[in-house]
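These notes are about the structure you will find just below.
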Amino acid sequence: AYASGASTPRDVIAAILPHLDADPAVWISRFSDTELLARAEELGAVHSASLPLYGIPFAVKDNIDVAGLPTTAACPAFSYEPKEDALVVRLLLEAGAICIGKTNLDQFATGLVGIRSPHGVPKNPYGADYIPGGSSAGSAVAVASDLVAFSLGTDTAGSGRIPAAFNNLFGWKPTRGLVSTRGVVPACRSLDCVSVFANSAADLEKILRVVSVFDSGDSYARNLPLLAGRTIQRIGVPRPDQLEFFGDAAYAALWKEAIQSLSSRGFSIIEIDFAPLLETARLLYEGPWVAERYLATQELLDRDPEAFHPVTRAIIENGRLGSAADAFAAQYRLADLNRRSEAAWESVDILCTPTAGTIYKISEVEADPIRLNSNLGYYTNFMNLLDLCGLAVPAGFREDGLPFGITYIARAFEDTSLLALAGAEPDRSDAMEIAVCGAHMSGLPLNHQLTDRKAELVKTTKTAPVYRMFALDERRPGLVRMNEGGAVLDLEVWRVPLAETGSFLAGIPAPLGLGRVLLDDGTDVSGFLCESYAVGDKPDITSYGGWREWLKVRG
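If you want it as structure tokens, here you go:
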């Protein structure tokens, strides 16, 4: 849109401003409307082709420095004013992206739940009673709620992957040292990674090109190149007896479907011994690495322990325990487990696991905060200790509309192979895929508006179970996304030549507008959504499963 002149950065910022504060728990701080519009105006004088992320709004987890906003790590008593941007933020700004603000998190990035913050709980858009996942909760919800196009989180034990799964996003956890952590409040400094949330692997690939720059000012940066993407043929999965879904039959079924889908695409699925990875996962919090969290917060913890969230304090205080002998013993144990885990890589190209074994309600986590949080780390805690990279990928929905995700795992510096597997492709700038659910579908009265423009049917599919359909009039349904009470509905995806999209979209009257429609396989596509104000007195036809079935009944 920028390249064609159909839109400007100022248009985009003006469009999102009214929605930014709808959920006040998403942000800890953000730039003012005036500042954001000024940044957009500055970009307006630059040619869009010269900047790879020109005019793209993004959010930053509030344990990463952004000049002009405080860094708090969700602890007001810890707050400080950074003098400069973290390097990863500066690289994104130099690429043309627009930073909207700083997002909420589990305090000091300690947790996988997203509810350990004095600033409230960011609302999971798929279920308000459920946790958004953490610790990068606000960053994930900001993308899932269409407030920004991508966001930065951090990931030491799963903080970038768990929220991705619970918000139906792609979540990239880079190889350690690939993305600079200078300007990031440490959790476990030797393990920390900056992670990225986005709506597609293709978006993540664009961001990877910008942020994977060696930083000599970061003691833990690694000056090694990314390995060229290679063809993936053999995918390793845990043995059935090593899988854990904590009683969640729906997640277990979705896992089977995901693996069957990979098999149907021609991949060889190979069961491996997952025990060394599970034993490694337990080291992260049961071993001496928790002492790194204590080191990062020691001064404040000793001076003002009441400044901490009670659960966070209980975890970090354990870092005072242990000895140097314990630390070396754990390192020896890790080396042994790393050597044992190498056997799996002899027979597979990558690994694949569920991202999480289940999802919990907020009330459940509040009642049992440590154990349930630990359950969420079952498939994530080992990754940084074993020097692996990972990509969380959407993989379907439970019947109640809550998303499920899987994670692809590769050895260090094979990040691009994971992105390629998840569907990253070169830009297809000649056409646009658009979902239709009414009279534009095949054989219906307005389908000619697509075929006349040489559009091609890509697939017949269904929405995720988060929508309701209303009969606006005899020719038009209204598709409305719901926080709860949604259902699966029929639709078609058409590929429309870009040269024809303008005239096609111009013929779509209010209250319909183009948005992102979630599909039942966990992906999303551009499609027509209806503004909720317009359906108050219109017939709810959701129970028919789609417009065609409604037409049959109506006669």
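Read left to right, the sequence shown gives residues 4 to 558 (the numbering used here).
Just so it is clear, CB atoms sit at the ideal spot from N, CA and C, and this is done for glycine as well.
Considering only heavy atoms of the ligand NAP, does any lie closer than 7 Å to the CB of residue i?
| i | result |
| --- | --- |
| VAL214 | For the ligand NAP, the structure offers nothing, since it holds no ligand at all. |
Quick one: what's residue i bridged to in DSSP?
| i | result |
| --- | --- |
| SER32 | LYS105 |
| TRP175 | VAL199 and LEU394 |
| CYS440 | According to DSSP, which records beta bridges pairwise, CYS440 is partnered with nothing at all. |
| ALA434 | PRO500 |
| TYR133 | LYS364 |
| VAL187 | ILE67 |
| ASP543 | PHE473 |
| TYR83 | THR74 |
| PHE400 | PRO406 |
Would residue i pass as a contact of residue j if the rule is Cβ separation under 8 Å?
| i | j | result |
| --- | --- | --- |
| GLY99 | LEU72 | no |
| PRO291 | ALA333 | yes |
| LEU95 | SER162 | no |
| ALA347 | THR178 | no |
| PRO397 | LEU172 | yes |
| GLY239 | ILE275 | yes |
| PHE407 | LEU482 | no |
| CYS196 | ARG296 | no |
| SER183 | THR157 | no |
| GLY123 | ALA4 | no |
| GLU442 | ALA204 | The question names Glu, yet the displayed sequence has Ala at residue 442. No; because the gap between Cβ atoms is not below 8 Å, this pair is not in contact. |
| TYR411 | ILE353 | yes |
| THR466 | VAL491 | yes |
| LYS64 | THR106 | yes |
| ALA167 | ALA413 | no |
| MET444 | THR504 | no |
| LEU108 | GLY137 | yes |
| THR361 | PHE249 | yes |
| LEU517 | CYS533 | no |
| TRP497 | VAL520 | no |
| PRO128 | GLY58 | no |
| PRO79 | ASP68 | no |
| GLY141 | PRO121 | no |
Tell me the rounded alpha-carbon separation between residue i and residue j.
| i | j | result |
| --- | --- | --- |
| ALA427 | GLU320 | With a pLDDT of 40 at ALA427, under the threshold of 50, the modelled position of that residue is not reliable, and no figure is offered here. |
| ASP244 | GLU495 | 39 Å |
| SER420 | GLN236 | 11 Å |
| ALA327 | ALA294 | 11 Å |
| ALA201 | LEU207 | 6 Å |
| SER432 | SER215 | Residue placement at SER432 is poorly supported in this model, since its pLDDT is 49, which falls under 50; the coordinates are not used for a value here. |
| LYS209 | LYS541 | 42 Å |
| ALA537 | PRO60 | 29 Å |
| ARG164 | GLY174 | 5 Å |
| PHE385 | ILE262 | 21 Å |
| ASP149 | LEU181 | 28 Å |
| GLU417 | ARG233 | 8 Å |
| GLY117 | ASN376 | 10 Å |
| ALA359 | GLU45 | 42 Å |
| PRO372 | LEU447 | 53 Å |
| ASP456 | ILE511 | One detail in the question is off: residue 456 reads as Arg in this sequence, not Asp. The alpha-carbon atoms of ARG456 and ILE511 are separated by roughly 15 Å. |
| SER51 | ILE101 | 13 Å |
| GLY488 | ARG33 | 32 Å |
| ASP218 | GLU87 | 15 Å |
| ILE437 | VAL528 | 7 Å |
| ALA502 | GLN452 | 14 Å |
| GLY380 | ALA160 | 7 Å |
| LEU211 | ASP221 | 18 Å |
| GLU367 | SER506 | 50 Å |
| THR283 | ILE272 | 23 Å |
| THR454 | PRO500 | 11 Å |
Could you check where the beta strand (DSSP E) with residue i kicks off and where it finishes?
| i | result |
| --- | --- |
| LEU515 | 515-521 |
| ARG414 | 406-414 |
| ILE353 | 353-357 |
| LEU155 | 153-157 |
| ALA474 | 470-474 |
| ARG192 | Premise fails: ARG192 is in no beta strand (DSSP E) and is neither H nor E. |
| GLY239 | 237-241 |
Alpha helix (DSSP H) containing residue i: first to last residue?
| i | result |
| --- | --- |
| SER366 | 365-370 |
| VAL528 | VAL528 -> not in any alpha helix (DSSP H); beta strand (DSSP E) instead, spanning 527-533. |
| ASP418 | 418-424 |
| ARG93 | 90-97 |
| GLY114 | Premise fails: GLY114 is in no alpha helix (DSSP H) and is neither H nor E. |
| LYS209 | 204-214 |
| ILE165 | 165-169 |
| GLY141 | 140-147 |
| VAL556 | 550-557 |
Which runs of the beta strand (DSSP E) fall wholly inside the segment 303-327 and span at least 3 residues, in chain order? none
Ranges of the alpha helix (DSSP H) found wholly within the segment 7-74, counting only runs of at least 4: 12-19 and 36-47
So within the segment 258-294, which uninterrupted alpha helix (DSSP H) runs reach at least 4 residues, ignoring any that extend past its ends? 278-289
Which runs of the alpha helix (DSSP H) at least 4 residues long sit entirely within the segment 451-501? Give them in chain order. 451-454
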